[in-house]
Every structure is written in structure tokens, then in C-alpha cells.
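Written out below as C-alpha cells is the structure these notes cover.
There are 2 protein chains.
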Amino acid sequence: MEMDQPTIQQKARHFTRAWGWVKALPGESKAKAIKVAKSTQKLGEDDPRRVIHSLKVGLALTLVSLLYYSRPLYDGFGVAGMWAVITVIVMFEFTLGGTLSKGLNRGFATLLAGALGLGAQHLASLFGRKGQPVVLGILVFLLAAASTFTRFFPRIKARYDYGVVIFILTFSLVSVSGYRVEELLVLAHQRLSTVLIGGATCIVISMFICPVWAGEDLHKLIASNIEELAKYLEGFGGEYFQPVEDGRNVKVSNTDKSFLQGYKNVLNSKSIEESMANFARWEPRHGRFGFRHPWKQYLKVGALSRQCAYQIEALNGYINSDNQARLEFRCKIQEPCTKMSTECGKALKSLASAIKTMTVPSSPNVHVENSKTAVNDFKIALKTVSLEQDQDILAIIPAATVASILIEIVKCVERISESVHELSNLAHFKSEEPTVSPDKSQFLRRGSIKPVLEGDTDHFIITIHGKSADSRESENPQAPKLGQRLDV
Amino acid sequence: MEMDQPTIQQKARHFTRAWGWVKALPGESKAKAIKVAKSTQKLGEDDPRRVIHSLKVGLALTLVSLLYYSRPLYDGFGVAGMWAVITVIVMFEFTLGGTLSKGLNRGFATLLAGALGLGAQHLASLFGRKGQPVVLGILVFLLAAASTFTRFFPRIKARYDYGVVIFILTFSLVSVSGYRVEELLVLAHQRLSTVLIGGATCIVISMFICPVWAGEDLHKLIASNIEELAKYLEGFGGEYFQPVEDGRNVKVSNTDKSFLQGYKNVLNSKSIEESMANFARWEPRHGRFGFRHPWKQYLKVGALSRQCAYQIEALNGYINSDNQARLEFRCKIQEPCTKMSTECGKALKSLASAIKTMTVPSSPNVHVENSKTAVNDFKIALKTVSLEQDQDILAIIPAATVASILIEIVKCVERISESVHELSNLAHFKSEEPTVSPDKSQFLRRGSIKPVLEGDTDHFIITIHGKSADSRESENPQAPKLGQRLDV
């Protein structure tokens with residue numbers, strides 16, 4: 392359409408637009424500067440270790456640069472000193488594990504490739520002046536192609552990618568350098584010593600000034616992810632079963648709903664968890680994390696948490712759907728559903744805090760059992776749904792779906808609980824003193840009777856495992872309410 | 392327990408174990424070698440471009456090395472030529488976009504940092520011999536710390552991370568080198584020319600020998616992800632509503648169930664999609680991908696596909712659950728549910744093929760409409776569920792949940808369809824000739840009447856949009872069956 396209009400008008404419009412843009416420039420750039428400043432501040436406040444890391448890199452680099460600067464290197468390009476600077480820049484990672492992983496990769500790859508390069512040079516020299524470049528060319532080609540291909544193996548990519556790059560680099564440089572072995576040894580000594588200086592500077596600064604441990608970060612991340620799920624589930628009941636008026640939901644609360652969003656980060660946490668676990672393997676013993684800490688188990692817990700997050704994502708679709716179930720049915724299932732969700736949330740919360748404090752998780756079992764009881768209560772509640780409303784199956788479907796997904800979440804939480812218990816075994820979490828006296832604890836062995844730890848008084852919850860809700864009801868007909876408690 | 396046993400027995404056991412290990416070594420290493428060979432072969436067969444990429448890197452490196460080797464560099468460490476080798480190794484990425492991104496980052500960062508470094512050196516020289524190292528140290532510290540901090544900005548991390556590293560590197564090297572400006576210019580010239588040689592070699596080989604385009608890969612990935620979802624949904628109906636005998640499902644088919652697993656890759660595709668979109672931005676016009684191809688829209692389609700995959704993950708929990716719904720109810724909903732699922736699958740399949748062939752998607756709308764019709768059919772079908780079975784609400788919940796999740800998937804597919812249409816607009820997909828004659832197409836404008844394109848004869852599906860199933864039934868009481876077709 393615009394093509395048909397006169398060009399002069401177009402030009403004028405362009406000019407006006409450009410002028411407007413120029414006029415707006417100072418204001419805009421000011422706004423932009425403020426925005427950048429704010430996001431910078433936020434980045435730093437979110438994790439002050441970022442600021443410290445930046446200062447650490449600056450410090451390492453300044454130290455190494457001045458070493459380089461102060462040495463009498465004016466009689467050349469100062470190659471050797473340069474390598475110290477380069478080493479610091481490429482090696483210094485945010486976490487100590489990352490720094491060590493890069494450093495060790497660099498070290499081993501350089502040594503191996505250096506030796507191979509010397510061998511290649513020696514081999515090539517046997518073919519005379521004319522044959523030498525050809526043989527060297529073939530060797531470099533073969534080794535570079537083969538090494539590059541190994542980078543496609545997922546395991547090598549994850550752990551040794553940097554090492555392979557340095558391997559190709561060093562091999563090419565050494566084999567092609569054309570130096571004789573004696574000269575090379577001097578150079579290698581020079582280069583190795585400066586690389587060592589650079590590497591040691593990185594490691595020392597990284598390790599002794601506010602170290603950032605990848606393992607600890609992974610540990611905290613797994614715990615906080617579980618906590619995000621817990622927050623959602625604890626809040627879900629209140630959010631879904633809001634007070635209803637005139638058949639429509641009344642949004643009474645304008646409070647912070649951020650707890651409904653936190654789980655979304657868990658959905659995409661796979662790659663970051665894997666890279667952290669990978670770095671964590673290189674880290675030395677620190678704090679309560681031993682040398683053979685079961686980092687793989689963290690990945691398992693993480694995978695199960697993601698599984699739970701997927702279910703929550705499905706659940707979340709129903710939280711504000713217009714297609715709300717009929718009031719009566721909702722009232723019937725409100726109590727057991729809220730209980731399922733809340734108990735799952737509590738179970739996850741205590742699992743998260745068990746991970747955080749590295750204690751053997753105990754109380755979560757109670758909440759898992761409670762949530763299972765709630766599942767049974769839900770089944771019983773359904774029996775009492777009055778019969779004349781059979782026309783309304785359609786109306787109860789969304790609420791029924793919510794309940795059904797919650798039942799899946801209960802299963803999921805049980806699996807998370809098992810995997811966290813396994814983790815606590817493998818990682819030798821410290822066990823807390825049991826809060827029940829020995830004579831009571833023999834009851835606990837029977838599996839179905841669990842102490843309630845959160846109360847002040849001693850309670851036991853008796854869950855009678857029955858395949859169907861029927862059997863349960865007949866065994867315990869006088870107690871159709873939730874979480875039957877038997878004061879001891 | 393083991394600690395209590397005699398140590399001699401322990402030692403003997405250790406020895407036996409070690410000996411067994413030694414004996415098994417040749418066999419094991421042979422098995423391992425075969426395993427590695429097989430996985431190597433698989434890697435190459437899965438994507439032959441990996442082999443080609445490795446050969447390309449080998450070629451580039453050989454060319455640059457020989458250039459370096461053949462030049463008379465024996466009178467020094469051959470620093471300049473070395474930079475060509477280093478450039479090739481760090482710059483050569485699998486995709487052209489990756490290579491270009493690194494090359495441009497490297498180029499701009501080097502120039503900028505070089506200029507700043509010279510300035511810093513000049514500034515420092517004003518402070519005399521004693522002040523110079525102090526001033527230089529402070530400058531390097533400040534710049535390195537500030538630059539390192541910028542790497543925490545997600546946008547900079549995604550696009551310019553390598554540039555920032557090279558910036559710090561070059562600035563430190565230049566500012567600390569201690570050369571006078573005239574000398575530096577000579578060196579800069581030398582270094583820049585060799586870096587250019589290395590970079591140009593990479594780009595030429597990367598671009599002209601079997602180029603791998605990140606953009607094309609992203610395009611194909613998005614299409615194939617949608618296809619995986621389609622496969623699942625097309626197969627779901629048959630899998631869930633298997634023939635039932637004696638109240639238990641009979642697993643008649645031992646056929647390939649891989650279609651049930653494909654969607655799992657979609658769950659974690661976020662990071663790879665983002666990095667590809669990031670590389671794609673740097674790529675020049677190629678094939679049907681213009682310079683301003685809407686890569687962001689691909690990310691939107693990808694996000695919606697993931698959303699759908701999360702729903703499928705929730706659905707997948709029910710596919711083999713023991714808790715199967717009562718037969719009669721299942722029979723009632725089988726037809727509409729299978730239809731919902733199949734039509735969603737077909738819609739996604741045609742969307743995927745529209746993306747692949749870069750044509751404006753047309754027929755998907757029909758399938759989306761069909762799936763919506765199936766949702767209505769489902770609602771009608773529920774009305775006819777007989778009333779005496781009201782005790783069994785519990786038994787129908789799993790099947791009802793499946794239906795409810797399928798309804799969510801229908802909504803999700805509709806959103807995917809919309810975003811693919813938007814993509815086809817933004818990316819100027821070519822439009823196919825309409826298969827309906829003009830006089831019929833005016834019907835189509837009314838929105839609710841859509842042509843069925845898959846058949847040979849001309850059909851129209853009339854979907855009467857009504858808020859509730861009731862209104863629909865009263866408007867069209869004689870046609871309670873699925874997909875009312877009106878032969879024209």
C-alpha cells in the first residue's frame with residue numbers, strides 16, 4: 392500500500408520519524424542507562440558472588456600481568472609471559488570445579504599432545520626435507536580430524552571438550568614448529584612454567600578467596616527446586632478451591648502469587664544440573680562433601696523433580712479455568728484434594744530441608760503417608776457424591792482431573808522421597824535423634840504406623856493399607872474423616 | 392561387618408578379585424573396543440555431517456599449519472603464524488553461524504581492546520617509570536573485573552561471551568606488552584594478518600564445503616519436534632483404547648512402540664533451540680532463509696511445542712495404568728477421544744510438513760476444527776452415559792482425566808497452529824493453490840464451515856459453535872454422531 396503513495400510524502404515522513412528519534416535520543420539513552428544500571432544492581436544483589444568473582448578475575452589477571460610486565464621480556468614478544476595471561480583468562484571459571492576441570496584438561500592435553508607432537512616431528516624428519524611437510528601435513532590432518540570427531544561423543548563433549556581443543560592446538564603447534572628437540576625442550580620448559588604460574592594463580596585465588604563450589608551449588612539447586620515444587624503444592628489447594636459466590640470464583644486475595652510461578656524454572660533445569668554435576672566431580676573434598684560424593688544421585692533426584700514439575704504444569708492449566716466444577720462436587724472433594732496437595736507440599740518441603748541440612752530425612756514419610764491417606768479419603772468422598780446429579784459428569788470432569796493429577800503427584804512425591812532417602816544413604820547424611828522413645832519405635836517397624844512429628848503431643852497416624860476403598864471403609868467404619876489420629 | 396573378619400581372608404579375596412580382573416582384561420578391552428567402534432559408527436551414521444565437519448577441521452588446520460611451516464619463521468617462536476593455527480582451532484564450529492559468530496566476536500573484540508590497550512599504555516606512560524606499573528595494574532584490574540561481570544548478563548552470555556573473553560585477553564596483552572606504539576603497530580599488523588588468514592580459512596571452508604547452517608538445523612528441529620508430538624498423538628488412541636478382554640487389557644500388539652518415546656526429547660529442547668537461534672542470526676542469506684528471517688518466532692513455536700509435550704507427559708502416565716476405567720464408559724468416550732487425539736496428531740503433522748516445505752499451512756485448520764468438533768462430541772457422549780452407574784465415579788476418573796488432558800492438548804495444538812501461521816506470515820512461506828473452487832471458498836469465510844481436504848470427494852464439516860453442549864444439541868438434534876458431514 393505504501394508503495395503507491397507519492398515519494399515526497401514518504402520522505403517527509405521518514406524525516407519526521409528520524410527527527411523524532413533524534414529528539415528522543417537523550418531521554419531514551421538516559422532511560423536505557425538507568426535500566427542497565429538497575430539490571431546490573433539486580434545481578435549483583437541476586438548473587439553477590441558474581442561481584443566477588445569479577446574482582447577475583449581482575450586480581451588474578453593483574454598479578455600475572457605485572458609478573459609479565461616486570462620481567463625483562465623486551466627482547467622478544469614475551470611469549471612465555473603471555474601464556475600466563477592467556478591461561479588465567481581461559482581457565483578462570485565461576486566455580487572452582489570449572490576452573491579445576493579446565494586446568495587439568497589443559498595440563499594433561501598439553502603434555503600428551505606435546506609428546507605426540509615431538510614424535511610426529513621425529514617421524515616426519517625421517518622422510519627428508521621434501522617429504523617432511525607432506526608427512527607432517529598428513530599427521531596433523533589425521534589427528535585433528537579424529538580429535539574433532541571425538542568431540543561429538545556426548546560424554547567427551549561434557550567432560551573433556553576443552554582438553555581435546557588444547558590437544559589439537561598443542562599438537563599442531565609443536566609438530567609444525569620446526570624446532571629441534573633440544574630447542575623445544577627449553578621452550579617447553581619456559582612455556583610450561585608460565586602456564587603453571589597462570590594456572591596456580593587461578594586455582595589459589597579461586598580456592599582461597601570466597602570459593603564457589605559447583606557441588607555445593609548443585610546441592611542447593613536440587614534442594615531449592617524441590618522447595619519450589621513444595622511451595623506450589625502447599626498453595627495450590629487454597630488457590631483452586633477459592634470461596635465461591637454466585638457460582639463464580641471470588642478473587643479475594645490479591646496477595647503475592649509468585650509461588651505459582653517458581654516451579655517453571657524446574658522444567659528446564661536439566662542442562663544446568665548436568666554441567667554442575669560434571670564440575671562437581673573435579674572438586675576436592677570440602678565441607679561435608681566427600682571426594683566420592685554421589686553427584687549422580689543428585690541428577691536422579693533432579694530428574695524426578697522435573698517429572699513432578701511436568702505434572703504441576705498440567706495441573707496449573709486448571710487453576711484459573713472458567714470451566715469450574717459444580718459447587719457441590721467441589722465441596723466434596725475439596726478436603727481430600729487440599730490435603731493431598733498440602734501434604735505433598737509438606738513432604739517435599741521437609742525433603743528439601745533434609746537435603747539442605749544434610750540430615751537423614753525422617754518426617755517426610757509421615758507426610759507421604761498422609762497424602763496417601765488423603766488419596767483414600769478422596770476415594771471414599773467420591774462414594775458419597777449424591778446420585779441424582781448424574782447428568783453432570785461433564786461438569787465434574789475438570790475437578791476430577793485435578794484430583795487425578797494430584798494422585799499422580801502423590802506417586803511422584805513418593806518416588807522423590809525414595810530417591811532422597813537413597814541420596815541420604817549414599818552421601819552419609821547425619822541422622823537426627825529420633826523424637827520417639829524406644830518402646831514406641833517398635834511400633835514404627837510395622838510400617839503402617841507412623842509418628843506425627845510436627846505436633847507437640849504424641850500422635851500416631853494409622854493407615855490401613857487396603858487395595859480398594861471398600862475394604863478400608865469396612866475395617867474402619869466409624870472413622871470416615873481425614874488422617875485418623877489415635878492419641879497414645 | 393566385613394571389618395570383623397580376619398585380614399588374611401580379606402587379602403585373599405582381594406587377590407582373587409584382582410586376578411579375575413586381570414584375566415578378564417583382554418576380553419573386556421576387546422568388548423570395550425567393539426562398543427566404542429559401534430558407537431563411533433552410530434555417531435557418524437546418525438549425522439554424516441559430523442564426519443565431514445571433522446575432515447573440514449583437519450583440512451583447515453593442515454592448510455594453515457603448512458603456511459606457517461613453510462614460512463621462514465625459524466628466527467623466533469613464529470608467533471604470528473601460531474595465531475593462525477590458534478584462530479582455526481578456537482573458531483571452527485560445527486555450524487557456519489557458530490563460526491561466524493566467533494569470528495566476528497573475535498575480530499571486533501580484538502580491534503576494540505587493541506585500541507583501548509594502546510590508550511591505557513599511553514595514559515600509564517604519563518605517570519613516569521615508577522607510576523606506570525601501578526596505573527597499568529589498576530586499569531587491567533578494573534577492565535578485567537568489569538568485563539567479567541558483564542558475562543553474567545544473560546544476553547551478553549548468550550551472544551558475546553567469546554568476544555568479552557577475547558577483549559580481556561587482548562587488552563591485557565596489549566596494555567602490558569610494554570612496546571612503544573610504532574613497534575606495536577608492526578606487531579598488530581603481523582598478528583592481524585595471520586588471524587585474518589586463519590579466520591578466512593575457517594569461513595571459506597565452513598561456507599563452501601558442505602556448509603552446516605544453524606538456521607536450517609533450527610528449522611528442521613522445530614518441524615521434527617512437532618512431528619514427534621504428532622506421532623504420539625496419532626498413536627495414543629489405539630494404545631490407550633486397546634481391545635479389552637475379561638476386564639483386562641490384552642496387549643495384542645508387540646509392534647514398535649518408539650513413537651511413544653519420541654516426545655521426551657522435546658521436553659528438554661530449550662537450550663539447544665536457543666543456541667541455534669542465536670547462531671542463526673549471524674548467518675547470511677541462504678536457500679529460503681533471508682537475512683531477517685524470524686528466528687524468534689521459531690523459539691515461540693518451540694516453547695508452545697514444549698508446552699504440548701508437558702501435557703503429553705502427563706497423559707503418558709495413564710497409558711499403562713492398571714486403574715483402567717470401566718469398560719462401558721470407555722466405550723462411550725473412545726470414539727471422541729481417539730478422534731481428538733488423532734486429529735491433533737494430523738494437525739501437528741501437517742503443520743510440521745508445512746514448516747518443512749515452507750508453504751503456508753492450510754489443511755491443519757481443518758484438523759484443528761475437527762479436533763474441536765471431537766471435543767463437543769465428547770461432551771455430547773457424556774450426556775448419554777447411563778445413570779444407574781453413579782456409584783462408579785471413581786472408576787471413570789482416569790479415563791475422564793485422559794479426556795480432560797486431551798482437551799487441553801487440543802487448545803495447545805490450536806495455539807501451535809496459530810504460531811505456525813504467524814511464522815509463515817513473518818517468513819513469507821509460499822502459499823499453495825487452494826484446492827477448493829472460488830464459489831465454495833466464500834463459504835469458508837464464515838469461519839465455521841471448513842472443507843475436508845483429505846478425502847477425494849468434497850465434504851464440508853459444519854461446526855456449530857455453541858457455548859454449552861446443550862445449545863448445540865438443540866440446534867442439531869438429529870445428528871449426535873461425530874464429525875457431522877454434509878456432502879455437497
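Protein chains in written order, with my numbering: chain L, 392 to 879; chain R, 392 to 879.
Glycine included, every Cβ here is placed at the ideal spot set by N, Cα and C.
Keep in mind it's a predicted model, so treat the numbers as computed, not measured.
* Asked: Cβ of residue 673 (chain R) versus every heavy atom of the ligand ATP: is any distance shorter than 7 angstroms?
  -> By its list of ligands, the structure shown contains no ligand whatsoever, and the ligand ATP lies outside what it can speak to.
* So, is the C-beta of residue 576 (chain L) closer than 8 angstroms to a C-beta in chain R? -> The residue labelled residue 576 (chain L) in the question sits at position 185 within the first sequence. Answer no: the Cβ-Cβ gap between residue 576 (chain L) and chain R never drops below 8 angstroms.
* Under 8 angstroms between C-beta atoms, does residue 638 (chain L) make it to chain R? -> Looking up residue 638 (chain L) in the first sequence gives position 247. Any reading at residue 638 (chain L) must be qualified, since the residue scores a pLDDT of 45, below 50, and its modelled position is unreliable; the value itself is stated next. Chain R, which has no Cβ nearer than 8 angstroms to the Cβ of residue 638 (chain L), makes this no.
* Asked: residue 626 (chain L) and residue 651 (chain L) look like a contact to me (Cβ under 8 angstroms); what is the Cβ gap, rounded to whole Å?
  -> What you label residue 626 (chain L) is simply residue 235 of the first sequence in a count that begins at 1. What you label residue 651 (chain L) is simply residue 260 of the first sequence in a count that begins at 1. Right, their Cβ atoms sit about 7 angstroms apart.
* **Under 7 angstroms by beta carbon: chain L residues contacting residue 659 (chain R)** => Locating residue 659 (chain R) in the second sequence gives position 268, counting from the first residue. Near residue 659 (chain R) (Cβ distances below 7 angstroms), the residues of chain L are 661.
* To do: Consult DSSP for residue 812 (chain R) and reduce its assignment to one of helix, strand or coil.
  => As a first step, residue 812 (chain R) is located in the second sequence; it is residue number 421 there, counting from the start. Residue state, collapsed to three classes: helix.
* To do: Please classify residue 740 (chain R): does DSSP put it in a helix, a strand, or coil?
  => Counted from its first residue, the second sequence places residue 740 (chain R) at position 349. In this structure, residue 740 (chain R) counts as helix in the three-state DSSP scheme.
* Asked: Does residue 792 (chain L) come within less than 8 angstroms of chain R when only Cβ atoms are used?
  -> On the first sequence, residue 792 (chain L) is found 401 positions in, with the first residue counted as 1. Yes, because at least one Cβ of chain R sits closer than 8 angstroms to the Cβ of residue 792 (chain L).
* Buried or exposed (CB count within 10 angstroms, at least 16 for buried), residue 593 (chain L) -> What you label residue 593 (chain L) is simply residue 202 of the first sequence in a count that begins at 1. Answer is buried; the Cβ neighbour count reaches 16.
* Asked: Would residue 388 (chain L) pass as a contact of residue 659 (chain R) if the rule is Cβ separation under 8 angstroms?
  -> Look at the range of chain L in this structure, 392 to 879, and you will see that residue 388 (chain L) is not part of it.
* **Closest residue to residue 798 (chain L) among L:720, L:822, L:744 and L:699 (Cα-Cα distance)** => Your numbering for residue 798 (chain L) matches position 407 in the first sequence. With distances taken between Cα atoms, residue 798 (chain L) lies closest to L:699.
* With a Cβ-Cβ cutoff of 8 angstroms, do residue 739 (chain R) and residue 621 (chain R) count as a contact? -> The residue labelled residue 739 (chain R) in the question sits at position 348 within the second sequence. The residue labelled residue 621 (chain R) in the question sits at position 230 within the second sequence. Yes.
* Asked: If you follow the alpha helix (DSSP H) that residue 667 (chain R) is part of, which residue opens it and which one closes it?
  -> Here residue 667 (chain R) refers to the residue found at position 276 of the second sequence. Segment 661–671, the alpha helix (DSSP H) holding residue 667 (chain R).
* To do: Using a Cβ-Cβ cut-off of less than 7 angstroms, list which residues of the stretch 685–709 of chain R approach chain L; keep chain order.
  => 701, 702, 704, 705 and 708
* **Nearest-angstrom beta carbon gap, residue 689 (chain L) and residue 814 (chain L) [assumed within contact, 8 angstroms]** => Reading the first sequence from its first residue, position 423 is the one you call residue 814 (chain L). Reading the first sequence from its first residue, position 298 is the one you call residue 689 (chain L). Their Cβ separation, rounded to whole angstroms, is 7 angstroms, which keeps residue 814 (chain L) and residue 689 (chain L) in contact under 8 angstroms.
* To do: Helix, strand or coil for residue 485 (chain L), going by three-state DSSP, please let me know.
  => On the first sequence, position 94 is the one that residue 485 (chain L) refers to. Residue state, collapsed to three classes: coil.
* To do: Report yes or no: is there a C-beta of chain R within less than 8 angstroms of the C-beta of residue 460 (chain L)?
  => Position 69 of the first sequence, counting from 1, holds the residue named residue 460 (chain L). True, the Cβ-Cβ gap to chain R drops below 8 angstroms.
* To do: Would you mind stating whether residue 624 (chain R) and residue 795 (chain R) have Cβ atoms separated by less than 8 angstroms?
  => For the purposes of this step, residue 624 (chain R) is taken as residue 233 along the second sequence, with counting starting at 1. For the purposes of this step, residue 795 (chain R) is taken as residue 404 along the second sequence, with counting starting at 1. Cβ atoms of residue 624 (chain R) and residue 795 (chain R): not closer than 8 angstroms.
* Asked: Can you list, in chain order, the residues of the stretch 472–502 of chain L whose Cβ is nearer than 9 angstroms to any Cβ on chain R?
  -> 472, 473, 476, 477, 479, 480, 481, 483 and 485
* Expressed to the nearest angstrom, what Euclidean distance is found between the alpha-carbon atoms of residue 496 (chain R) and residue 547 (chain R)? -> In the second sequence, residue 496 (chain R) corresponds to position 105, counting from 1. In the second sequence, residue 547 (chain R) corresponds to position 156, counting from 1. Whole-angstrom Cα-Cα distance: 11 angstroms.
* Under 8 angstroms from the C-beta of residue 336 (chain L): neighbouring residues of chain R -> Within the shown structure, residues of chain L are numbered from 392 to 879, placing residue 336 (chain L) beyond reach of any answer.
* Asked: How many angstroms separate the CA atom of residue 687 (chain L) from the CA atom of residue 614 (chain L)?
  -> Sequence index remark: in the first sequence, residue 687 (chain L) carries index 296 (1-based). Sequence index remark: in the first sequence, residue 614 (chain L) carries index 223 (1-based). The alpha-carbon atoms of residue 687 (chain L) and residue 614 (chain L) are separated by roughly 15 angstroms.
* Quick one: list the residues of chain R neighbouring residue 596 (chain L), beta-carbon separation under 8 angstroms, in chain order. => By one-based count along the first sequence, residue 596 (chain L) stands at place 205. Simply none; closest approach about 12 angstroms.
* Asked: Where do the ends of the alpha helix (DSSP H) carrying residue 608 (chain L) lie?
  -> Taking the first residue of the first sequence as 1, we reach residue 608 (chain L) at position 217. Segment 605–631, the alpha helix (DSSP H) holding residue 608 (chain L).
* Kindly indicate the opening and closing residues of the alpha helix (DSSP H) around residue 711 (chain L). => Within the first sequence, residue 711 (chain L) is the residue found at index 320, counting from 1. No alpha helix (DSSP H) holds residue 711 (chain L); DSSP gives it neither H nor E.
* Quick one: grab the DSSP three-state call for residue 750 (chain R). => Position 359 of the second sequence, counted from the start, is the residue given in the question as residue 750 (chain R). Strand.
* Which chain L residues are close to residue 789 (chain R), counting only those with a beta carbon under 7 angstroms from its beta carbon? -> In the second sequence, residue 789 (chain R) corresponds to position 398, counting from 1. Correct list: 795.
* Pairwise C-alpha distance: residue 618 (chain L) and residue 695 (chain L) -> Counting from one through the first sequence, the residue named residue 695 (chain L) turns up at place 304. Counting from one through the first sequence, the residue named residue 618 (chain L) turns up at place 227. Those two C-alpha atoms are separated by around 13 angstroms.
* With distances taken Cα to Cα, identify the nearest neighbour of residue 649 (chain R) among R:630, R:515, R:554 and R:596. => Position 258 of the second sequence holds residue 649 (chain R). Of the candidates R:630, R:515, R:554 and R:596, the one whose C-alpha sits nearest the C-alpha of residue 649 (chain R) is R:630.
* Asked: Since residue 792 (chain R) and residue 791 (chain L) are thought to touch, with beta carbons under 8 angstroms apart, how far apart are those beta carbons, to the nearest angstrom?
  -> Within the second sequence, residue 792 (chain R) is the residue found at index 401, counting from 1. Within the first sequence, residue 791 (chain L) is the residue found at index 400, counting from 1. Their Cβ separation, rounded to whole angstroms, is 7 angstroms, which keeps residue 792 (chain R) and residue 791 (chain L) in contact under 8 angstroms.
* With 8 angstroms as the threshold, decide whether the Cβ of residue 727 (chain L) is near any Cβ in chain R. => As a position in the first sequence, residue 727 (chain L) is number 336, starting the count at 1. Output row for residue 727 (chain L): interface = no.
* Kindly indicate the opening and closing residues of the alpha helix (DSSP H) around residue 523 (chain R). => Translated into the one-based positions of the second sequence, residue 523 (chain R) becomes position 132. Per DSSP, residue 523 (chain R) belongs to the alpha helix (DSSP H) from 519–541.
* Asked: Do the stretch 549–563 of chain R and the stretch 429–436 of chain R meet, that is, are 3 or more Cβ pairs less than 8 angstroms apart?
  -> no
* Have a look at residue 728 (chain R) and residue 424 (chain R) and give me their C-alpha separation to the nearest angstrom. => Locating residue 728 (chain R) in the second sequence gives position 337, counting from the first residue. Locating residue 424 (chain R) in the second sequence gives position 33, counting from the first residue. C-alpha separation (whole angstroms): 50 angstroms.
* Local Cβ density within 10 Å of residue 407 (chain R), reported as buried at 16 or more and exposed below that -> Counting from 1 along the second sequence, the entry for residue 407 (chain R) is found at position 16. When all chains shown are included, residue 407 (chain R) counts as exposed.
* Would you report the Cα separation of residue 723 (chain L) and residue 767 (chain L), rounded to the nearest angstrom? -> Position 332 of the first sequence, counted from the start, is the residue given in the question as residue 723 (chain L). Position 376 of the first sequence, counted from the start, is the residue given in the question as residue 767 (chain L). Taking the straight line joining both Cα atoms gives about 14 angstroms.
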